[in-house]
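Participant: Structure incoming, see below.
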Amino acid sequence: MALEKQLKWEGKASAELKGPKAEQIWPLLEDFFGLHKWFPTLTTCHGVEGTSGVAGCVRFCAGFKTPVDPKSDQNQDQEKVNWTKQKLLTIDPANMTYSYSIIDGNVGFNSYISTVQVVPKDAGCTIVWKYEVEPVEGWRLEDLDLFIGTGLQVMASRMEASLQLQVE
Numbered sequence: 093m094a095l096e097k098q099l100k101w102e103g104k105a106s107a108e109l110k111g112p113k114a115e116q117i118w119p120l121l122e123d124f125f126g127l128h129k130w131f132p133t134l135t136t137c138h139g140v141e142g143t144s145g146v147a148g149c150v151r152f153c154a155g156f157k158t159p160v161d162p163k164s165d166q167n168q169d170q171e172k173v174n175w176t177k178q179k180l181l182t183i184d185p186a187n188m189t190y191s192y193s194i195i196d197g198n199v200g201f202n203s204y205i206s207t208v209q210v211v212p213k214d215a216g217c218t219i220v221w222k223y224e225v226e227p228v229e230g231w232r233l234e235d236l237d238l239f240i241g242t243g244l245q246v247m248a249s250r251m252e253a254s255l256q257l258q259v260e
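Residue 93 is where the sequence shown starts when you use the numbering used here, and the numbers rise one by one after that.
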C-alpha cells in the first residue's frame, strides 16, 4: 500500500502572542491534563495515569473535531467521538518545552510524537508545536497542518484572553 512506503509526515505550527510573556504562558501549557481549557472543540481532557506535568503521565482527550470528520446532517448522537490517549515523554520547565506521544486512539495516528515549546520574545512569546506521524489513512498532511495550526491559533487567543481577564 502507498501509505506504508511513505516516510513520516513532519510539520510545525507557531502562534505569536503579543503581550503575554513566556513565563505567563508556560504554566498554562505545562498543565498537561488541562488541554481542554484551550484546544478548540476538545470537550474532555483528564488524567488517567500519573501526575499532570510529570514525565510518564497519560491524559485522555475526547470530543475534538478534525478536518476529515464526515459531515453529517443527522442526529449528533450518531456521530463518532474522536479520542486519544497521550503520554508525556519529556518535560523541561527551564526551557519551557515538553514532548508527548499518542499511545492509543481512534483517529488513526500511529507513531505520533509532538514537541511543544514556548519561546520568549521581546514583546511577548511564540508557541511552537512540532509534530511527526506516520501517514494517516484518509488524511493528507495538509489536513494535519490545518488541524494543528488552527488549533494552536485558537489556543493562543484563548490564553491571551484568559490572562487579560486576570489583569482587569
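We put the beta carbon where it would ideally sit given N, CA and C, even for glycine.
Being a predicted model, the structure only gives us computed values, none of them experimental.
Contact check, Tyr-223 vs Ser-203 under 8 Å by CB: the rounded distance?
Facilitator: No, Tyr-223 and Ser-203 are not in contact; Cβ-Cβ is about 11 Å, not under 8 Å.
Participant: Compute the Euclidean distance between the alpha carbons of Tyr-190 and Lys-104, then round it to the nearest angstrom.
Facilitator: Cα to Cα, the separation comes out at about 15 Å.
Participant: Taking the DSSP output, what are the residues bridged to Glu-141?
Facilitator: Answer is Val-150, bridged to Glu-141.
Participant: So Asp-196 and Thr-176 are supposed to be a Cβ contact under 8 Å. How far apart are they, rounded?
Facilitator: Between Thr-176 and Asp-196 the Cβ distance is about 7 Å, and since that is below 8 Å, they are a contact.
Participant: Taking DSSP as the reference, what is the three-state secondary structure of Gly-216?
Facilitator: Residue state, collapsed to three classes: strand.
Participant: For Gly-148, which residues from the same chain have a beta carbon less than 6 Å from its beta carbon, with the 5 sequence-adjacent residues on both sides left out?
Facilitator: Only Gly-142 meet the Cβ criterion.
Participant: Please list the terminal residues of the continuous alpha helix (DSSP H) segment that includes Glu-115.
Facilitator: Segment 114-122, the alpha helix (DSSP H) holding Glu-115.
Participant: So is Pro-185 buried or exposed if we call it buried at 16+ other beta carbons inside 10 Å?
Facilitator: Pro-185 should be labelled exposed.
Participant: If you follow the beta strand (DSSP E) that Lys-172 is in, where does it begin and where does it stop?
Facilitator: From DSSP, Lys-172 is part of no beta strand (DSSP E); its letter is neither H nor E.
Participant: Could you give the residue range of the beta strand (DSSP E) that holds Asp-196?
Facilitator: 189-197 is the extent of the beta strand (DSSP E) around Asp-196.
Participant: Per DSSP, which residues does Thr-182 bridge with? Please list them.
Facilitator: Thr-182 pairs with Ser-191.
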